[in-house]
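Student: Position in the sequence shown counted from 1, then plus 1048, gives you our numbering.
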Amino acid sequence: MEKENVDQLMNLCSRRGIIIPSFKIYGELAGFYDYGPIGLSIKSNLKSIWRKTFVKGLGSLEIESTIVGSDKVYQASGHINTFTDPILKCTKCGSTYRADKLLEEFFEKQKNYDLAKKVGHMTSDELQELVSKYNISCPKCKGEFSKITAFNLMMKTEIGPTGGTIGYLRPETAQGIFVDFKELYKSYNFKLPIGIAQEGKVFRNEISPRQILIRMREFSQMELEYFFNPEKADELPLIENQKVNDEFLNKKIYLLTREDQEKGEEAKKVSLSEALELKLIPNKIFSYMIYKESLILDLFGINEDLTRFRILMADELPHYSKGNIDLEIKINGKYEEVAGNAYRSDFDLSNHSRMSNTDMAVLDGGKSVLPHVIEVSFGLDRLFWAVLSNNLYKDEKRGWEVLMLNKSIQPFQYAVYPLQKDDSLIQKSIEAQRILQEKGYNVFYKETGSIGKRYAKADEIGIGKCVTIDYNTLEDGTVTIRDISDASQVRVKLNDIGN
Ligand code: GAP
């Protein structure tokens, strides 16, 4: 079976309503997508796996904070002053572009890959110099650009009837966790280390949304903030026995070091213990989070050969960071950041502490400590896109596309099909559905269309198994079960389905 490309995936998504451009009937507004029932089901399954791994699996607390935040929160976090991208505006047609991305595409087209790679690390002044030097003009109308300025990505809103109070739609779920930290500590009386997680919608007024779900203006994050005593960054009370400890430290990942990036080399496989010894990963807690990510990738059905953990270059780090490593997954031949891992130190807690006059320190072993934080921040839509784009195949033998998802993320584990629209077959099909539902499966049901077309639809939307009820079922109580993996069919007793 051959892997399909992103255009074919997009085609499937619109044919089957997996994702839909928002407000499509009114014309599209870039950067917004709705999920149809199949897409939503896959997305919810990804969320459940994340929850099992990073919330329940780490004994973390999960919260839901508000989407609208007060301007004080985002002044303290630094978003109001620094959450910007460089923007270029055409003086003739008014089109706007994110300067670094426009230059990256420009130099890629010119096959100047060296500069294409470098622009993402440049300051606005350096980008401006390139615009002038290469005489770069608006791709749409060839008009001249005005000077590069900083564009803030926060979406602003007004709170209350008089409009005097400014609010912002959250650009990350993390700040809700930091702001509530002390209240949670008091109410739940927890001890360090502790993870606090949140999943939900975030908003960024991206200058140029692109590649469907890769750069959106409204998207979902699944974030974990892991709070710990900085003197105990290498202690992991979570690891209950030596076997788990060894497994974790021996785990090999594809790691892309700064040196590799400077030399233009590929990521190399190293064990987490080696990476720790070489101080490529800041501490043991950080490396344990990377271990958890490597395990979760398997559950998401992403082959590790398509992944790498990239250590961010010094000029990419926020000033407060003590280390950032991105989890990148190949999507359509290009590595894309799907999760950001960051050692945020005590930056957020100390800023909120200062701004709100609230002491955010807590007691650890009788001593007052301002906890440090390791953050694991997944972009759910990018993850969804990475999963779908790496698991859609064209099966020449079947003559259609097959979405080969891991069992745990299939939108339906079973489809039930009566061979024909016949009351006696429909009756048995209802019974088959009930048996499967009682065993905890999600079941898809359809009684119209040829059985071949219904198998094709099941394969395209990633349904694991199809149960077909035919006239033999009425005689001997057996049904046909067809498996998506190889389209093989076996007959089993109706009561045994789902075992
Ligand atoms: N709290 C940290 C934080 O928000 P980030 O790297 O800006 O870090 C985390 O975002 C993840 O969110 C990224 O790894 C990416 O998967 C996803 N993400 C960021 N911007 C996005 C966008 N415009 N559209 C879709 N996903 C995005």
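Every residue gets a Cβ at the ideal spot worked out from N, C-alpha and C, and that includes glycine.
Keep in mind that this is a model prediction, so the values were computed, not measured.
With distances taken from CA atoms, which of 1536, 1353, 1112 is nearest residue 1226?
Tutor: 1112
Student: Which parts of the stretch 1200 to 1258 are runs of the beta strand (DSSP E), unbroken and 3 residues or longer, counting only runs that do not cross its ends?
Tutor: The qualifying runs are 1203 to 1207, 1213 to 1217, 1242 to 1251.
Student: Which one of 1476, 1453, 1547 has the shortest CA to CA distance from residue 1559?
Tutor: Absent from the model: residue 1559. The displayed extent of the chain is 1049 to 1547, so no value can be given.
Student: Considering only the alpha carbon of each residue, which of 1404, 1341, 1355, 1533 lies closest to residue 1121?
Tutor: 1404
Student: Are the CB atoms of residue 1373 and residue 1338 within a distance shorter than 8 Å?
Tutor: yes
Student: Considering only residues of the stretch 1312 to 1351, which uninterrupted beta strand (DSSP E) runs meet the minimum length of 3 residues and lie entirely inside it, listed in chain order?
Tutor: 1316 to 1319
Student: Restricting to Cα atoms, I'd like to know which of 1180, 1345, 1543 is closest to residue 1193.
Tutor: It is 1180 whose Cα lies nearest to the Cα of residue 1193.
Student: Relative to the alpha-carbon of residue 1540, which residue among 1324, 1533, 1520 has its alpha-carbon at the smallest distance?
Tutor: Taking only the C-alpha atoms, the option nearest residue 1540 is 1520.
Student: Could you work out which residue in 1062, 1094, 1319 is closest to residue 1455 when comparing CA atoms only?
Tutor: 1094
Student: Would residue 1355 be called buried (16 or more neighbouring beta carbons within 10 Å of its own) or exposed?
Tutor: Counting of Cβ neighbours within 10 angstroms places residue 1355 among the buried residues, the total reaching 16 or more.
Student: Would you mind reading off the limits of the alpha helix (DSSP H) that contains residue 1399?
Tutor: 1395 to 1404
Student: Starting from residue 1118, trace the beta strand (DSSP E) both ways and give me its first and last residue.
Tutor: Unbroken beta strand (DSSP E) run through residue 1118: 1116 to 1118.
Student: Are the C-beta of residue 1368 and some C-beta of chain C separated by less than 8 Å?
Tutor: Checking the listed chains, one finds no chain C in this structure; it contains a single protein chain.
Student: Which runs of the alpha helix (DSSP H) spanning at least 4 residues fall entirely within the stretch 1460 to 1498, listed in chain order?
Tutor: 1471 to 1486
Student: What does residue 1148 pair with, by DSSP beta-bridge criteria?
Tutor: None, per the DSSP bridge assignment.
Student: How about residue 1425 and residue 1246: do their beta carbons lie closer than 8 Å?
Tutor: no
Student: Below 7 Å, is the gap between the Cβ of residue 1220 and the nearest heavy atom of ligand 1?
Tutor: yes
Student: Is residue 1170 near ligand 1 - that is, is its Cβ less than 7 Å away from at least one heavy atom of it?
Tutor: no
Student: Please look up how many angstroms separate the CB atoms of residue 1092 and residue 1082, rounded, as I've assumed it's under 8 Å.
Tutor: Incorrect: roughly 15 Å between the Cβ atoms, too far for contact.
Student: At a threshold of 7 Å, does residue 1426 count as lining ligand 3 (C-beta to nearest heavy atom)?
Tutor: The ligand content of the structure shown is limited to ligand 1, which means ligand 3 is not among them.
Student: Would you give the residue range spanned by the beta strand (DSSP E) that residue 1367 belongs to?
Tutor: It is not in any beta strand (DSSP E) - residue 1367 carries neither H nor E in the DSSP assignment.
Student: In chain order, which continuous runs of the beta strand (DSSP E) of length 3 or greater are located wholly inside the stretch 1070 to 1158?
Tutor: At a cut-off of 3 residues, the continuous stretches assigned as beta strand (DSSP E) that sit fully inside the stretch 1070 to 1158 are 1081 to 1083, 1109 to 1111, 1116 to 1118, 1132 to 1137, 1144 to 1146.
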